[in-house]
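Notes for the one structure printed next.
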Amino acid sequence: MNRRNFIRTSTLLTGATAGVSNIFQSSESKLKSDTSFKVAFITDIHVKTDEISQTGMRKALKHVNSLRNKPSFIINGGDSIMDALAANKTETQSQWDVWNKIMEEENKLQVYHCIGNHDVWGWQVKDESIKSDPLYDKNWVISNHKMPARYYSFEKNNWLFIVLDSTQENEGGYIARFDEEQFTWLEKELASAPKDKFICIVSHIPIISFCSAMFFDDMLPNGDWKLSRVLLHVDARRIKNLFKAYPNIKVCLSGHIHLQDEVNYLGIKYLCNGAISGKWWKGSFQDFPPAYALLDFHNDGTIDREMICYDLPLNAK
Ligand SMILES: [Zn+2]
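Residue numbering for the sequence shown follows our numbering, beginning at 195 and increasing consecutively.
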């Protein structure tokens, strides 16, 4: 078939008036599908030594690992274990033991880890002596996950992934922001990023999200939204202003809230991705059952997300 006949035929077949643009569209979508890769974003597993959370974590990892179109890798959004902030050394060790055992037995995919607030050891432990323990603070989670540092970057095809650390100490608790050292590193990382790469930012706590405001059921007595410094980055405006200089930043991924949303703001897609543990292993949290995100990263800088409910664990409400 010559080109003119092909155009005529395709025009007739589609009923469209512009056969040429149909040809270009189909070759574009072929390019898009040929060059995309998949990533499973699992977050807020909160595994502990009980049976429900262990069964659930196994089920989720089995599900990710049995996908027909295998993800290139997993991003773990953090809060891997139920809690190390207020746990003693033995309790923290037993949670990491459970995590490591299940990861070893059920997962074959490469995992890039992000630190969650509950992965940090000891900030709420009364015993002052643990501050001199080499595992104190974020050292335990970094060494357990074999992370290169508490924040880092890596590349896949024409995408650059920047994994950040949202959790900073704040009067015995924590606050969601990037410390100065990290912010300076982020500025340099973005400035030196190749201009032909698209960028995905990963943080445990959302930088911009609506579901942070939906976390609590009620409002403040005066009718204001109840929006805590631990639920949304308090430095969101500063980060937004930095990001404005980089149109190749396309998506920001987070967990922490156990709810799901998609906020498009100034050309960036902010995706909050639910929780593997749902309502901390007690079924759904508000409207969202336990789930993970399956993401397609395309060569043209677009991304698609599908939320996958991998099924509730046995005995969960
Ligand atoms: Zn969290």
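Glycine residues also receive a C-beta, built at the ideal position from the N, C-alpha and C atoms.
Looking at ligand 1, does it come within less than 7 Å of Asn536, judged from the CB to the closest heavy atom?
Examination of residue 536 is not possible in this model, given that the chain is present from 195 through 511 alone.
By DSSP, does Ala579 sit in helix, in strand, or in coil?
The structure shown does not extend to residue 579, since the chain spans only 195 to 511, so no value can be given for it.
Limits of the unbroken beta strand (DSSP E) element including Asn352:
By 1-based counting over the sequence shown, the position of residue 352 is 158. Per DSSP, Asn352 is not a residue of any beta strand (DSSP E), being assigned neither H nor E.
Between Leu436 and Val396, is the Cβ-Cβ spacing less than 8 Å?
Translated into the one-based positions of the sequence shown, residue 436 becomes position 242. Translated into the one-based positions of the sequence shown, residue 396 becomes position 202. With respect to the 8 Å criterion, Leu436 and Val396 are not classified as neighbours on the basis of their beta carbons.
Could you give the C-beta distance for Ile324 and Gly316, rounded to a whole number, given that I count them as a contact under 8 Å?
For the purposes of this step, residue 324 is taken as the residue at position 130 of the sequence shown. For the purposes of this step, residue 316 is taken as the residue at position 122 of the sequence shown. By a beta-carbon distance limit of 8 Å, Ile324 contacts Gly316. Their separation comes to about 5 Å.
Coil, strand or helix - Phe410 by DSSP:
What you label residue 410 is simply residue 216 of the sequence shown in a count that begins at 1. Of the three classes helix, strand and coil, the one that applies to Phe410 here is coil, per DSSP.
Using the three-state DSSP reduction, which class does Tyr504 fall into: helix, strand or coil?
The residue labelled residue 504 in the question sits at position 310 within the sequence shown. Three-state result, Tyr504: coil.
Cβ shell of Ile502 (< 8 Å), same chain only, five flanking positions each side left out:
As a first step, residue 502 must be located in the sequence shown, where it is residue number 308. Excluding positions up to five away in sequence, the list reads His257, Ala485, Tyr486, Ala487 and Leu488.
Apply the 10 Å Cβ neighbour rule to Gln454 and answer buried if 16 or more other Cβ atoms are within range, or exposed otherwise.
Within the sequence shown, residue 454 is the residue found at index 260, counting from 1. Under this definition Gln454 is a buried residue.
CA nearest to the CA of Tyr504, picked from Gly468, Glu299 and Asp494
In the sequence shown, the residue the question calls residue 504 occupies position 310. Nearest in C-alpha terms to Tyr504, of all of Gly468, Glu299 and Asp494, is Gly468.
Buried or exposed, going by whether 16 or more other CB atoms sit within 10 Å of the CB of Ala210?
Walking along the sequence shown from the start, residue 210 turns up at place 16. Here the model assigns Ala210 a pLDDT of 34, short of 50, so the residue's position is not dependable, and the following value carries that caveat. Taking all protein chains in view, the Cβ of Ala210 is surrounded by fewer than 16 other Cβ atoms within 10 Å, so the residue is classified as exposed.
Here's a check: name, in chain order, each residue in its chain whose Cβ is nearer than 6 Å to the Cβ of Leu166, leaving out the five neighbours to either side.
One cannot answer for residue 166 here, as it falls past the ends of the chain, which runs 195 to 511.
Is it right to say Phe348 is buried, meaning 16 or more other beta carbons lie within 10 angstroms of its own, or is it exposed?
The count along the sequence shown starts at 1 and reaches residue 348 at position 154. Exposed, because fewer than 16 other Cβ atoms sit within 10 Å of the Cβ of Phe348.
Check whether the segment 289-301 and the segment 419-426 touch, using three or more Cβ-Cβ pairs below 8 Å as the test.
Touching, no, given that fewer than three Cβ pairs across the two stretches are closer than 8 Å.
So, with DSSP's three-state summary, where would you put Phe372?
The residue given as residue 372 occupies position 178 in the sequence shown. Coil, per DSSP.
Would you report the Cα separation of Asn338 and Trp290, rounded to the nearest angstrom?
Position 144 of the sequence shown, counted from the first residue, corresponds to residue 338. Position 96 of the sequence shown, counted from the first residue, corresponds to residue 290. Distance from the CA atom of Asn338 to the CA atom of Trp290, rounded to whole angstroms, is 8 Å.
Rounded straight-line distance, which links the Cα of Ala387 to that of Val241
As a working note, residue 241 is residue 47 in the sequence shown. As a working note, residue 387 is residue 193 in the sequence shown. Taking the straight line joining both Cα atoms gives about 35 Å.
Determine whether the beta carbon atoms of Ala234 and Ile275 lie at a separation below 8 Å.
Start at 1 with the first residue of the sequence shown, and residue 234 comes out as number 40. Start at 1 with the first residue of the sequence shown, and residue 275 comes out as number 81. Going by C-beta atoms, Ala234 is not nearer than 8 Å to Ile275.
Considering only residues of the same chain and omitting the five flanking positions on each side of Thr286, which have a CB-CB separation below 6 Å?
Locating residue 286 in the sequence shown gives position 92, counting from the first residue. Hits under 6 Å: Ala278 and Trp315.
Classify Ala343: buried if its beta carbon has 16 or more other beta carbons within 10 angstroms, exposed otherwise.
By 1-based counting over the sequence shown, the position of residue 343 is 149. It counts as exposed.
How long is the line joining the alpha carbons of Ser220 and Thr378, rounded to whole angstroms?
Position 26 of the sequence shown, counted from the start, is the residue given in the question as residue 220. Position 184 of the sequence shown, counted from the start, is the residue given in the question as residue 378. Interpretation of Ser220 is limited by its pLDDT of 44, a score under 50 that renders its predicted location unreliable; the figure taken from the coordinates is listed afterwards. The alpha-carbon atoms of Ser220 and Thr378 are separated by roughly 43 Å.
Excluding the 5 residues flanking Ile393 on each side, which residues of the same chain have their C-beta closer than 6 Å to its C-beta?
Working through the sequence shown from its first residue, we reach residue 393 at position 199. Taken in chain order, the residues that qualify are Leu354, Asn442 and Ile443.
Have a look at Asp418 and Asp481 and give me their C-alpha separation to the nearest angstrom.
Here residue 418 corresponds to residue number 224 of the sequence shown, with the count starting at 1. Here residue 481 corresponds to residue number 287 of the sequence shown, with the count starting at 1. Pairing Asp418 with Asp481, the inter-Cα distance amounts to about 22 Å.
Apart from the five residues just before and just after His450, which ones in its own chain have a Cβ nearer than 6 Å to its Cβ?
For the purposes of this step, residue 450 is identified with residue 256 of the sequence shown, where counting begins at 1. His398 and Ile399.
CA-CA distance, Asp373 and Cys466?
Within the sequence shown, the letter at position 179 stands for residue 373. Within the sequence shown, the letter at position 272 stands for residue 466. Taken atom to atom, the span from the alpha-carbon of Asp373 to that of Cys466 is near 22 Å.
Quick one: does the C-beta of Asp321 sit closer than 7 Å to a heavy atom of ligand 1?
Taking the sequence shown and counting its residues from 1, one reaches residue 321 at position 127. Remark: the C-beta of Asp321 is outside contact range of ligand 1, defined as less than 7 Å to any heavy atom.
Using a 10 Å radius around the Cβ and a threshold of 16 neighbouring Cβ atoms, would you call Met251 buried or exposed?
Reading the sequence shown from its first residue, position 57 is the one you call residue 251. Under this definition Met251 is a buried residue.
Just to confirm, are Asn311 and Thr361 a CB contact at a threshold of 8 Å?
Counted from its first residue, the sequence shown places residue 311 at position 117. Counted from its first residue, the sequence shown places residue 361 at position 167. Taking 8 Å as the Cβ cut-off, Asn311 and Thr361 qualify as a contacting pair.
Straight-line CA distance for Thr496 to Ile462?
For the purposes of this step, residue 496 is identified with residue 302 of the sequence shown, where counting begins at 1. For the purposes of this step, residue 462 is identified with residue 268 of the sequence shown, where counting begins at 1. Whole-angstrom Cα-Cα distance: 10 Å.
Assuming Ile402 and Ala430 make a contact with CB atoms under 8 Å, what is their CB distance in whole Å?
Taking the first residue of the sequence shown as position 1, residue 402 is located at position 208. Taking the first residue of the sequence shown as position 1, residue 430 is located at position 236. That belief holds up - the Cβ atoms of Ile402 and Ala430 are roughly 6 Å apart, short of 8 Å.
Considering only residues of the segment 238-321, which uninterrupted alpha helix (DSSP H) runs meet the minimum length of 4 residues and lie entirely inside it, listed in chain order?
Complete alpha helix (DSSP H) runs here, min 4: 245-259 and 283-300.
Output yes or no for whether 8 Å exceeds the beta carbon distance between Ala254 and Ile470.
Translated into positions along the sequence shown, residue 254 becomes position 60. Translated into positions along the sequence shown, residue 470 becomes position 276. Judged by their CB atoms, Ala254 and Ile470 are nearer to each other than the 8 Å cut-off.
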